[in-house]
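2 protein chains.
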Amino acid sequence: MPETGFNGADNLFIRRWGEMAVSWGISRTMAEIHALLYLNTCPLCTDDVMDRLAVSRGSASVNLRELVNWGLIVRVHRRGDRKEYFEAEHDVWQMFETIMRERRRREIQPIVETIQRCLTMIDQERRGLRGKARAEADIHQKRFADILEFCGLMTTMFDLVNSAGRVGLKPLGKMLARLAK
Amino acid sequence: MPETGFNGADNLFIRRWGEMAVSWGISRTMAEIHALLYLNTCPLCTDDVMDRLAVSRGSASVNLRELVNWGLIVRVHRRGDRKEYFEAEHDVWQMFETIMRERRRREIQPIVETIQRCLTMIDQERRGLRGKARAEADIHQKRFADILEFCGLMTTMFDLVNSAGRVGLKPLGKMLARLAK
DNA sequence: TAGAATCTTCAGAAGATACTGAAAGGATCA
DNA sequence: TGATCCTTTCAGTATCTTCTGAAGATTCTA
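These protein sequence lines map, in sequence, to chains A and B.
Going by the working numbering, the first sequence opens with residue 1, and the numbers climb by one from there.
Going by the working numbering, the second sequence opens with residue 182, and the numbers climb by one from there.
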């Protein structure tokens, strides 16, 4: 393993990052590898990850690939070295944008599509109803519409944050502070 | 079970809401119960939930309590009825604020505290270092500081969204649309 | 206070998820 | 071409999570 200047702070951070990941639906090992690469100044290879986090080759391989799929780390080749190295995105803002884009695609999009289908379904079902049943269906329709509107707004908000983020953290911070007043 | 006007759309939504929950670190049953109560116009009791979602009494009890702890549903008592009923928050905006507040407390706060500790630790460790090791420590320090700044900004943003949310979805939507240009 | 209705708890079971380690696959070198 | 180095795959295993169902606690009624 190359000199990586690991210390107590790094260990603490890596452990906590992994613990937190579980409550966000991400596997502990994957998050630990991500934290390890985020802190590291130079790319690491599979063996480095195995040694450092005490995981098997299989686990390291699978989790590294998954991180590459998410776009949070990239493969790095070195001349005269057959090993593959991995390097993390170090720009926190870019990291956030990547995570948001992926989660939107994988988790928000499916629910949005489902709600749209629900709205279509309920609209058809509603036609045959009268009186109380009709009123109930109207309320359900509104519930669906509310969530859908909310999802749309969230999407807008994250787009805004991402575009503002490109300018840098500082300007956005100032802008938000001004708005919050 | 009281008349609840369930239909295909509701079933579809409840199922999908439960599926998505898993990728957000929430148990499927808990999310399904939440979806069930969110859609329902009248409060439901434990037996209603058991019948509707085909879960055991124990599971219904535990998950309902957890939802109450999160503040997403409330207990409702009815005169002359010993059963306890449960009703969900129906305002999507309020729901979002509740979820964000809870997740911040349970998941963001711990990582923020850890990073602050990391910064203190690395600052102490750094004193004894010179040359390359010192430079490396400086970079690590910056990495920690970046995440911390990012967390602070996210917090500000959600506060803003929440306060703007109280005005209603529409005004915020317009405001964001204007900013996004 | 006995008895009925309801809720909570929890040990054991079931199910889901993630990891391991070895074998197979692929690339490069001599 | 064979040897070497490295990566990927996957069946079996370990671990973690969640559920079940019944026993026990609690609350209310008569």
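For glycine and all other residues, C-beta sits at the position ideal for the given N, C-alpha and C.
Only a predicted model underlies this, so the values are computations on that prediction, with no experimental measurement involved.
CA-to-CA distance, residue j to residue i, given in whole angstroms
{"i": "residue 84 (chain A)", "j": "residue 45 (chain A)", "result": "6 Å"}
{"i": "residue 153 (chain A)", "j": "residue 132 (chain A)", "result": "32 Å"}
{"i": "residue 325 (chain B)", "j": "residue 27 (chain A)", "result": "22 Å"}
{"i": "residue 69 (chain A)", "j": "residue 129 (chain A)", "result": "48 Å"}
{"i": "residue 398 (chain B)", "j": "residue 135 (chain A)", "result": "In the structure displayed, chain B extends from 182 to 362; residue 398 (chain B) sits before or after that span and is not available."}
{"i": "residue 331 (chain B)", "j": "residue 190 (chain B)", "result": "39 Å"}
{"i": "residue 229 (chain B)", "j": "residue 235 (chain B)", "result": "10 Å"}
{"i": "residue 246 (chain B)", "j": "residue 93 (chain A)", "result": "37 Å"}
{"i": "residue 89 (chain A)", "j": "residue 256 (chain B)", "result": "46 Å"}
{"i": "residue 262 (chain B)", "j": "residue 192 (chain B)", "result": "28 Å"}
{"i": "residue 277 (chain B)", "j": "residue 79 (chain A)", "result": "50 Å"}
{"i": "residue 43 (chain A)", "j": "residue 91 (chain A)", "result": "15 Å"}
{"i": "residue 186 (chain B)", "j": "residue 323 (chain B)", "result": "For residue 186 (chain B), the predicted structure reports a pLDDT of 47, less than 50, and the residue's modelled location is therefore unreliable. The matter cannot be settled from this model."}
{"i": "residue 305 (chain B)", "j": "residue 13 (chain A)", "result": "16 Å"}
{"i": "residue 201 (chain B)", "j": "residue 23 (chain A)", "result": "14 Å"}
{"i": "residue 268 (chain B)", "j": "residue 188 (chain B)", "result": "19 Å"}
{"i": "residue 342 (chain B)", "j": "residue 161 (chain A)", "result": "12 Å"}
{"i": "residue 283 (chain B)", "j": "residue 77 (chain A)", "result": "43 Å"}
{"i": "residue 291 (chain B)", "j": "residue 163 (chain A)", "result": "28 Å"}
{"i": "residue 25 (chain A)", "j": "residue 106 (chain A)", "result": "12 Å"}
Own chain residues within Cβ distance below 7 Å of residue i, not counting five before or after
{"i": "residue 140 (chain A)", "result": "122"}
{"i": "residue 67 (chain A)", "result": "30, 33, 34, 73"}
{"i": "residue 328 (chain B)", "result": "296"}
{"i": "residue 158 (chain A)", "result": "100"}
Minimum Cβ-Cβ distance from residue i to chain A less than 8 Å
{"i": "residue 279 (chain B)", "result": "no"}
{"i": "residue 205 (chain B)", "result": "yes"}
{"i": "residue 224 (chain B)", "result": "no"}
{"i": "residue 220 (chain B)", "result": "yes"}
{"i": "residue 188 (chain B)", "result": "yes"}
{"i": "residue 248 (chain B)", "result": "no"}
{"i": "residue 194 (chain B)", "result": "yes"}
{"i": "residue 273 (chain B)", "result": "yes"}
{"i": "residue 286 (chain B)", "result": "no"}
{"i": "residue 338 (chain B)", "result": "yes"}
{"i": "residue 302 (chain B)", "result": "yes"}
{"i": "residue 317 (chain B)", "result": "yes"}
{"i": "residue 321 (chain B)", "result": "yes"}
{"i": "residue 260 (chain B)", "result": "no"}
{"i": "residue 292 (chain B)", "result": "yes"}
{"i": "residue 256 (chain B)", "result": "no"}
Same chain, Cβ closer than 8 Å to residue i, neighbours up to 5 away in sequence not counted
{"i": "residue 256 (chain A)", "result": "An answer regarding residue 256 (chain A) cannot be provided, because it is not within the stretch 1 to 181 covered by chain A."}
{"i": "residue 237 (chain B)", "result": "231"}
{"i": "residue 198 (chain B)", "result": "212, 213, 215, 216"}
{"i": "residue 196 (chain B)", "result": "213"}
Backbone secondary structure at residue i - three-state DSSP
{"i": "residue 258 (chain B)", "result": "strand"}
{"i": "residue 4 (chain A)", "result": "The predicted model places residue 4 (chain A) with a pLDDT of 44, which falls under 50 and marks its position as unreliable; any figure quoted below should be read in that light. Here residue 4 (chain A) sits in coil by DSSP."}
{"i": "residue 311 (chain B)", "result": "coil"}
{"i": "residue 72 (chain A)", "result": "coil"}
{"i": "residue 226 (chain B)", "result": "strand"}
{"i": "residue 21 (chain A)", "result": "helix"}
{"i": "residue 137 (chain A)", "result": "helix"}
{"i": "residue 269 (chain B)", "result": "strand"}
Short CB-CB distance (under 8 Å) between residue i and chain B
{"i": "residue 20 (chain A)", "result": "yes"}
{"i": "residue 114 (chain A)", "result": "yes"}
{"i": "residue 125 (chain A)", "result": "yes"}
{"i": "residue 10 (chain A)", "result": "yes"}
{"i": "residue 34 (chain A)", "result": "no"}
{"i": "residue 30 (chain A)", "result": "no"}
{"i": "residue 2 (chain A)", "result": "The pLDDT assigned to residue 2 (chain A) is 36, lower than 50, so where the model puts this residue is not dependable; a value taken from the coordinates is nonetheless given after this. So no, residue 2 (chain A) is outside the interface."}
{"i": "residue 82 (chain A)", "result": "no"}
{"i": "residue 52 (chain A)", "result": "no"}
{"i": "residue 48 (chain A)", "result": "no"}
{"i": "residue 147 (chain A)", "result": "yes"}
{"i": "residue 86 (chain A)", "result": "no"}
{"i": "residue 117 (chain A)", "result": "yes"}
Cut-off 6 Å between Cβ atoms - residues of its own chain near residue i, not counting five sequence neighbours on either side
{"i": "residue 252 (chain B)", "result": "279"}
{"i": "residue 307 (chain B)", "result": "318"}
{"i": "residue 112 (chain A)", "result": "151"}
{"i": "residue 38 (chain A)", "result": "88"}
heavy atom of the ligand NAD below 7 Å from residue i C-beta
{"i": "residue 153 (chain A)", "result": "The ligand NAD is not part of this structure, which contains no ligands at all."}
Is there contact here, the region 54–62 of chain A with the region 106–122 of chain A, by at least three beta-carbon pairs under 8 Å? Judged by Cβ distances under 8 Å, the region 54–62 of chain A makes no contact with the region 106–122 of chain A, as fewer than three pairs qualify.
So, does the region 209–216 of chain B touch the region 24–39 of chain A, judging by three or more C-beta pairs under 8 Å? Touching, no.
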